[in-house]
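Trainee: Provided herewith is a single structure, encoded as structure tokens, for subsequent inquiry.
Here it is in structure tokens:
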């Protein structure tokens with residue numbers, strides 16, 4: 001039986017500013033990438049997100065970032081790898097305090113924004129993230145793009161690596177994502193997104209922009225909760241997966 | 001045999017800015033109140049301080065603060081008690097990640113600066129600090145001023161409370177500290193400070209500003225490492241204690 | 001002919017987080033209290049707000065705050081008066097750069113959140129705000145609560161003081177605002193709010209919570225733009241004022 | 001008569017953390033690059049630095065930076081050029097408030113740290129800095145490395161461009177600086193540094209690492225004040241320049 005995880009970015013409010021529908025998403029996803037305060041997420045937001053994850057049986061991941069509130073972690077910051085490792089370790093520990101207070105624990109790490117991209121292609125940045133995860137707890141998994149340097153680095157250091165795919169993003173024939181700036185690169189039609197999620201989970205394939213079918217291996221599908229109607233879209237994805245006989249379960253126990 | 005702990009604030013550098021002689025102090029004190037990033041202490045500074053504490057066999061405490069880098073945590077911030085609790089929990093978790101990476105653990109919590117003073121007298125602020133400590137780990141001790149609301153709150157919630165005294169500060173006859181702005185309120189003569197430390201440890205007393213002898217119960221003596229010559233002064237205090245037959249040991253195992 | 005100003009807090013987004021409908025409000029109000037980056041407002045948000053204010057002919061005020069992004073400036077921070085003065089001066093200068101780039105200028109100062117309340121009652125905090133304004137430009141006006149220490153301090157230093165009132169808040173018989181926590185303290189009925197605005201502007205009075213009519217002198221009425229329907233409510237207020245023959249004009253030239 | 005300016009980075013303390021000897025340097029240099037709060041410099045530090053500059057007759061420049069306190073502005077941050085322009089404008093305005101309160105004004109802009117390097121080679125980053133300066137005041141000069149993209153961009157937009165050289169850094173034969181990591185790349189011998197300063201000012205040349213003499217045109221020489229003995233070294237440089245008949249004057253009126 002095919003099995004897949006649904007992961008989403010949560011805990012991304014900050015103080016008076018609210019972002020996304022955490023409560024709605026926590027009823028649908030199986031893994032929550034919770035912000036750790038560096039790109040978003042004040043301490044009380046972290047608590048609420050962890051409480052919600054635990055009470056919904058959702059796995060908690062540390063969504064670690066460069067220190068960049070003003071840029072929401074989307075700006076590459078050329079940090080020394082040791083300083084980056086320490087910044088990541090700081091974030092994992094801070095979030096885990098709330099996860100444990102809620103009765104759960106951080107079980108994986110996923111870099112956010114510019115760090116997600118840097119760690120996918122830059123070995124030093126990737127190793128810094130992995131090293132922090134390993135130092136904190138060698139049983140932590142690392143969630144990232146399939147085929148990324150980040151997942152290679154995780155394997156190299158003995159950590160579980162988990163590949164994710166995107167049901168709502170257009171793929172180029174070479175397996176990479178079409179740039180967000182390209183027209184049609186973000187899919188919004190519910191039926192289309194749901195069908196692609198099923199294809200990824202059942203056959204490990206997705207239709208590319210040129211109409212060809214390409215392989216996309218993924219134990220997890222990343223979904224987004226920060227747009228109006230996002231929760232409903234994710235519900236449709238989950239319903240379609242289950243209707244196709246796919247088990248929707250977190251990748252961590 | 002009388003026993004006393006020597007505690008000092010460490011890890012208070014930030015990025016390029018250095019403060020105090022952590023290495024020197026870690027060779028003398030038995031407990032290190034390590035900053036957690038809110039009033040001082042970038043992640044790499046936390047790592048270095050935790051590594052040094054563990055390798056010197058020094059107990060690690062979380063020196064938690066209001067979020068106030070520009071004011072070094074010396075400005076009272078009127079935080080909602082739940083937000084304060086969450087800010088404290090965040091800091092404990094962040095620091096503990098480095099303590100554990102170094103092979104140790106955070107074993108106590110001590111509020112810093114304006115939070116130290118607020119938690120000594122304001123029940124809501126005191127309870128917020130204690131609640132965060134208890135949530136993180138009920139075996140954490142709370143270090144604070146003898147007779148403070150903070151220590152009462154710790155006892156009330158079942159946490160170990162540890163009273164500290166100051167060998168280098170003048171005490172008023174009522175047992176309170178003379179304000180820093182008073183002339184002579186901070187003692188710098190090595191022999192005087194060392195003798196007062198011995199009095200506190202051996203007889204639980206100190207000479208007050210009016211010449212009277214008052215009771216000052218303390219399991220720990222707070223010393224300071226951020227001035228030139230500070231390390232030498234603390235060494236003299238420790239030597240005098242040991243020469244008087246006082247055991248100098250951390251209050252945590 | 002009675003004349004009144006309508007002022008609102010604007011520029012309170014931060015990075016990816018959006019707050020309020022600045023464009024909508026700028027079409028209705030006559031004075032914009034623009035955040036300066038300390039409680040809200042990244043630099044690009046300041047630019048957009050200043051550009052919009054100038055193109056709509058709206059006066060620009062510096063909405064200065066304690067440094068407190070996480071608390072949106074609603075937490076009292078016990079800053080040394082000289083440090084507060086300097087923090088306020090920093091904010092005025094920063095905002096004025098955008099006001100001037102847009103072809104306008106900062107013409108008044110209004111403290112935000114906890115600083116608004118502190119400066120209304122604490123002479124040292126009030127004087128710090130006024131001193132910064134005066135240092136920057138003695139032609140700046142100071143906008144605050146009628147009868148506040150802040151306005152007294154402004155007058156004392158030779159700055160124009162401008163009193164504001166609230167059409168959507170309940171007043172106690174002694175002229176103070178009913179606490180937000182009291183039921184009914186924030187009025188939402190459009191007709192009621194509009195009528196109270198007209199009463200304030202035309203007769204300098206408002207109906208208090210006990211039914212009595214009290215005096216509320218105000219050259220400006222503060223309105224709020226951060227709730228759904230806020231812009232429409234303010235439009236109704238403005239329409240009612242103009243229908244009653246009240247001139248709606250900024251208090252600065 | 002040859003004329004040269006001596007510029008140094010000042011105002012780089014932050015809260016309790018002190019860096020450099022501003023008072024000492026202000027008695028020797030002719031231009032002060034004052035931090036603006038983004039990599040260093042709390043508001044009260046800006047005030048002190050501006051007061052000191054004005055009372056010593058030293059020109060004030062805005063030392064603008066990426067937002068990066070923890071990294072002291074030495075980390076490249078991949079900011080969108082419009083956001084960078086706005087961040088720079090914010091900083092110029094904030095600093096100018098203190099310059100004007102002191103009776104002076106910001107008369108030039110110099111990027112700091114990673115932004116200095118990025119703006120020297122990246123056209124989009126360079127233009128963002130120049131655009132902010134031009135928007136604030138077209139009479140501002142831009143100070144940077146001779147031959148840099150930054151100075152080209154300043155000229156292109158009609159701003160005065162001022163080239164600087166380094167008397168205490170080793171130059172490669174191609175005119176670029178030897179990397180700091182190279183042994184001998186930072187010169188500390190007083191007589192050597194002073195002689196090189198005179199060579200730069202009098203003949204526009206400097207001895208490169210291979211012994212060859214290369215051209216280094218510079219209207220300003222950058223000196224450093226953040227090491228022990230730095231002030232004395234700079235005094236020696238100034239004495240040597242004056243003894244050689246070089247006028248030591250700011251490049252701005």
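Chains as they are written, first to last, in the working numbering: chain V, 1 to 253; chain B, 1 to 253; chain C, 1 to 253; chain Y, 1 to 253. Beta carbons are placed, not taken as given, at the ideal position from N, Cα and C, and that holds for glycine.
1) Determine the direct distance from the alpha carbon of residue 68 of chain B to that of residue 101 of chain B, and round the result to whole angstroms.
2) Say whether chain V places a C-beta atom closer than 7 Å to the C-beta of residue 199 of chain C.
3) Short of 7 Å in beta carbon distance, which residues of its chain neighbour residue 217 of chain V, apart from the five on each side in sequence? Order them along the chain.
4) Taking C-alpha atoms, which residue in C:35, C:184, C:99 and C:16 lies nearest to residue 54 of chain C?
5) Residues in the segment 53–84 of chain V with C-beta within 7 Å of chain C's C-beta atoms, listed in sequence order?
6) If you follow the beta strand (DSSP E) that residue 107 of chain V is in, where does it begin and where does it stop?
7) For the segment 105–165 of chain V, list the beta strand (DSSP E) runs that are entirely contained and at least 3 residues long, ordered along the chain.
8) Below 9 Å on C-beta distance, what does residue 113 of chain C contact in chain V?
9) Taking a Cβ distance cut-off of 8 Å, strictly less, list which residues of the segment 94–122 of chain B are near chain V, in chain order.
10) For residue 222 of chain Y, which of helix, strand or coil comes out of DSSP?
11) Whole angstroms are fine: how far does the CA of residue 89 of chain V sit from the CA of residue 23 of chain V?
12) Starting from residue 77 of chain C and walking both ways along the beta strand (DSSP E), at which residues does that stretch end?
13) Does the beta-carbon distance from residue 142 of chain V to residue 186 of chain V come in below 7 Å?
14) Closer than 6 Å by C-beta to residue 222 of chain C: which residues in its own chain qualify, once you throw out the five before and the five after it? Chain order, please.
15) Given residue 47 of chain B, which residues of its chain have a CB within under 6 Å of its CB, disregarding the five upstream and five downstream residues?
16) Going straight from the alpha carbon of residue 154 of chain C to that of residue 77 of chain B, what length do you get?
17) Cutting at 7 Å between CB atoms, please list the residues of its own chain near residue 257 of chain V, excluding the five before and the five after it.
18) Fully enclosed by the segment 10–93 of chain Y, which alpha helix (DSSP H) runs are 4 residues long or longer?
19) So residue 186 of chain B contacts chain Y; which residues on that side make the cut at Cβ distance below 8 Å?
20) Assign residue 238 of chain B to one of three DSSP states: helix, strand, or coil.
21) For residue 5 of chain V, which of helix, strand or coil comes out of DSSP?
22) Using a Cβ-Cβ cut-off of 7 Å (strictly less than) and excluding sequence neighbours within five positions of residue 190 of chain C, which residues of its own chain qualify?
23) Beta-carbon within less than 6 Å of residue 12 of chain B's beta-carbon, same chain only, minus the 5 sequence neighbours each way: which residues are those?
24) State buried or exposed for residue 215 of chain C, treating a residue as buried only when at least 16 other CB atoms are found within 10 Å of its CB.
25) So the alpha helix (DSSP H) residue 195 of chain B belongs to, where does it begin and stop?
26) When the Cα atoms are used, what is the spatial distance from residue 92 of chain Y to residue 15 of chain V?
27) If we define contact as Cβ-Cβ less than 7 Å, is residue 15 of chain V a contact residue for chain C?
28) Counting only Cβ pairs nearer than 8 Å, list the residues of chain B close to residue 168 of chain Y.
29) Can the beta-carbon of residue 117 of chain B be found less than 7 Å from the beta-carbon of residue 73 of chain B?
30) Skipping 5 residues on each side, what residues in its chain have a beta carbon closer than 8 Å to that of residue 58 of chain V?
31) Based on DSSP bridge pairs, tell me the residues matched to residue 261 of chain V.
32) So which residues of chain Y does residue 266 of chain B contact, with C-beta pairs closer than 8 Å?
33) So for residue 177 of chain Y, helix, strand or coil by DSSP?
34) Taking 7 Å as the cut-off, decide whether the C-beta atoms of residue 96 of chain Y and residue 63 of chain Y are in contact.
35) Give the DSSP-derived three-state secondary structure of residue 246 of chain Y in the structure shown.
36) Output, in sequence order along the chain, the residues in the segment 36–49 of chain C whose CB is closer than 7 Å to any CB in chain D.
Mentor: Here's the rundown:
1) Across the structure, residue 101 of chain B and residue 68 of chain B are spaced so that their CA atoms are roughly 26 Å apart.
2) Judged by the 7 Å Cβ criterion, residue 199 of chain C is not in contact with chain V.
3) Taking residue 217 of chain V as the centre and dropping the five residues before and after it, the same chain places the C-beta of 146, 163 and 204 closer than 7 Å to its C-beta, in chain order.
4) When the alpha-carbon of residue 54 of chain C is set against those of C:35, C:184, C:99 and C:16, the nearest one is in C:99.
5) The segment 53–84 of chain V vs chain C, Cβ under 7 Å: 69, 70, 71 and 72.
6) Going by DSSP, residue 107 of chain V is part of the beta strand (DSSP E) stretching over 106–111.
7) Correct list: 106–111 and 141–145.
8) Scanning chain V for C-beta atoms nearer than 9 Å to the C-beta of residue 113 of chain C yields nothing, as the closest lies near 10 Å away.
9) Listed by position along the chain: 94, 95, 96, 97, 98, 100 and 101.
10) Taken through DSSP and simplified to helix, strand or coil, residue 222 of chain Y comes out as strand.
11) Cα-Cα distance, rounded: 27 Å.
12) Boundaries for residue 77 of chain C: no beta strand (DSSP E) harbours it, and the DSSP string shows neither H nor E there.
13) Contact: no.
14) Within the same chain, 7, 164 and 166 come within 6 Å of residue 222 of chain C by CB-CB distance, once the 5 residues on both sides are set aside.
15) Answer for residue 47 of chain B: 98, listed in chain order.
16) If you take the alpha carbons of residue 154 of chain C and residue 77 of chain B, they lie about 26 Å apart.
17) Residue 257 of chain V lies beyond the residue range present for chain V, which begins at 1 and ends at 253; the question has no answer from this structure.
18) You should have 22–26 and 43–55.
19) None at all; the shortest Cβ gap to chain Y is about 16 Å.
20) Residue 238 of chain B falls in the helix class under three-state DSSP.
21) For residue 5 of chain V, the secondary structure class from DSSP, reduced to helix, strand or coil, is strand.
22) Result list for residue 190 of chain C: 233 and 236, in chain order.
23) In chain order, 19, 20, 35 and 40 place their CB closer than 6 Å to the CB of residue 12 of chain B, counting only its own chain and leaving out the 5 sequence neighbours on each side.
24) Under this definition residue 215 of chain C is an exposed residue.
25) Looking at the DSSP string, the run of the alpha helix (DSSP H) that includes residue 195 of chain B is 190–203.
26) Looking at the backbone, the Cα of residue 92 of chain Y and that of residue 15 of chain V are separated by about 28 Å.
27) Contact of residue 15 of chain V with chain C is assigned, a C-beta pair being separated by under 7 Å.
28) Neighbours of residue 168 of chain Y in chain B, taken as residues whose beta carbon is under 8 Å from its own, are absent, since the nearest beta carbon is some 19 Å off.
29) For residue 117 of chain B and residue 73 of chain B, no; Cβs fall outside 7 Å.
30) Closer than 8 Å at Cβ, skipping near neighbours: 26, 29, 30, 31, 32, 52 and 250.
31) Coverage of chain V is limited to positions 1 through 253, which leaves residue 261 of chain V absent and any answer about it impossible.
32) Given that chain B is displayed from residue 1 to residue 253, the structure contains no residue 266 of chain B and the question cannot be resolved.
33) Strand, per DSSP.
34) Not a contact, by the Cβ cut-off of 7 Å.
35) Coil, per DSSP.
36) Annotation note: the requested chain D is absent from the structure, which comprises protein chains V, B, C and Y.
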